[in-house]
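These notes concern the structure reproduced below.
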Amino acid sequence: MFTPTGEIVAAARAAGGGVGAFNVITVEHAEAIVAGAEQAGLPVILQISENAVRFHHGRLAPIAAAARCIAETSTVAVGLHLDHVESDELFDLAAAHGFGSAMYDASKSAYDENVARTAAAVRRGHARGLWVESELGEVGGKDGAHAPGVRTDPGEAAAYVAATAVDALAVAVGSSHAMRTRTARLDHDLIARLRTAVPVPLVLHGSSGVPDDELAAAVRGGMIKINIGTALNSAFTAAVRADLDGNAALVDPRRYLASAREAMTTTVAAALRVLGEPVPC
Ligand code: G3H
Ligand code: ZN
Numbered sequence: 004m005f006t007p008t009g010e011i012v013a014a015a016r017a018a019g020g021g022v023g024a025f026n027v028i029t030v031e032h033a034e035a036i037v038a039g040a041e042q043a044g045l046p047v048i049l050q051i052s053e054n055a056v057r058f059h060h061g062r063l064a065p066i067a068a069a070a071r072c073i074a075e076t077s078t079v080a081v082g083l084h085l086d087h088v089e090s091d092e093l094f095d096l097a098a099a100h101g102f103g104s105a106m107y108d109a110s111k112s113a114y115d116e117n118v119a120r121t122a123a124a125v126r127r128g129h130a131r132g133l134w135v136e137s138e139l140g141e142v143g144g145k146d147g148a149h150a151p152g153v154r155t156d157p158g159e160a161a162a163y164v165a166a167t168a169v170d171a172l173a174v175a176v177g178s179s180h181a182m183r184t185r186t187a188r189l190d191h192d193l194i195a196r197l198r199t200a201v202p203v204p205l206v207l208h209g210s211s212g213v214p215d216d217e218l219a220a221a222v223r224g225g226m227i228k229i230n231i232g233t234a235l236n237s238a239f240t241a242a243v244r245a246d247l248d249g250n251a252a253l254v255d256p257r258r259y260l261a262s263a264r265e266a267m268t269t270t271v272a273a274a275l276r277v278l279g280e281p282v283p284c
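Shown next as structure tokens:
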């Protein structure tokens, strides 16, 4: 069933667990993510990035409607989140297209400009009932560069949350976007300091490059929303490649897309089991 992101994140936080938020590019991604969540019996968040909207010829409506419909017909709680939105115009469309949350991403701006733009977006988002995430301390790698040195300062993060009224904060703690190997090492001491300093749930981006034990430790340390994208695309593409390499006569996309969807389902179920286990008190 469709469930507002804020409710899913609050429940995970109360249970001492994390929740997986997976990037949707195609309808098959959304079907696989929900199937993986149903297999694991755990809630999940579907997220569509501004880049994915650009891929769909700049049109938000078709992929958003498909994801929302898949969320509504699921047997587990499924949130719908608009991710890494840099455009004010796109951010302002989120609620009307069925999203429960959106990430307003002004992380490339200088601190003061990030605060001003984000605070204004939060005011508009809240007026439409959206749960709003934003980012401080740019998580590297969105342009392919590996920038593991970037970090969020806890004191600055606390001031930023107070000044913007965001509902969740993406922080830079050692992960990097678009990694295809799981070799990232997180700064767990920093996660602990951020958790103490920041009153809202923390979000980990670039989680595909983080090994399972590091992810589990991050959740134990207080990271709640765990964003995963590239791992699904690796599973998707490996499955398609294997099908096409194995059968030169194959032309029906349903055959290899079914393999891709199944591979992504397995990836999602495994990741959710790592994240969703409540931490024993
Ligand atoms: O916002 C989405 C993510 O941060 C996903 O990053 O593709 O490196 O897993 P990833
Ligand atoms: Zn991200």
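Just so we're on the same page, the numbering used here is the position in the sequence shown counted from 1, plus 3.
Backbone N, C-alpha and C fix where the C-beta goes; we use that ideal spot for every residue, glycine too.
The structure displayed is predicted, hence computed values, not measured ones.
- Closest in alpha carbon position to valine 142, among Glu217, Val118 and Ser112, is Ser112.
- Secondary structure note for leucine 278: its alpha helix (DSSP H) is the uninterrupted segment 256-279.
- Short note on asparagine 54: C-beta not closer than 6 Å to any heavy atom of ligand 1.
- Shown here for threonine 240: same chain residues with a beta carbon closer than 8 Å to its own, the five before and five after excluded, namely Ala263 in chain order.
- Assigned with DSSP and collapsed to three states, asparagine 250 falls in coil, not helix or strand.
- The nearest non-hydrogen atom of ligand 2 is 6 Å or more from the C-beta of asparagine 26.
- The Cβ atoms of serine 211 and methionine 182 sit closer than 7 Å to each other.
- Counting the other Cβ atoms within 10 Å of the Cβ of asparagine 250 gives fewer than 16, which makes it exposed.
- Beta-bridge annotation (DSSP): tyrosine 163 is not paired with any residue.
- For valine 30, there is no enclosing beta strand (DSSP E); the residue is part of the alpha helix (DSSP H) that begins and ends at 30-43.
- Scanning the region 192-249 from its first residue to its last, the whole beta strand (DSSP E) runs of 3-plus residues come out as 205-207 and 226-231.
- Counting along the chain, the unbroken alpha helix (DSSP H) around valine 12 starts and ends at 8-18.
- In the displayed model, glycine 158 falls within a helix according to three-state DSSP.
- Beta-carbon to beta-carbon, methionine 106 and aspartate 86 are separated by about 5 Å, close enough to satisfy the 8 Å threshold.
- Taken through DSSP and simplified to helix, strand or coil, glutamate 89 comes out as coil.
- Per the Cβ contact rule, the region 18-30 is in contact with the region 45-57 (3 or more Cβ pairs under 8 Å).
- Secondary structure within the region 57-127: the beta strand (DSSP E) runs of 3 or more consecutive residues, fully enclosed, are 81-88 and 104-107 (chain order).
- For alanine 168, the secondary structure class from DSSP, reduced to helix, strand or coil, is coil.
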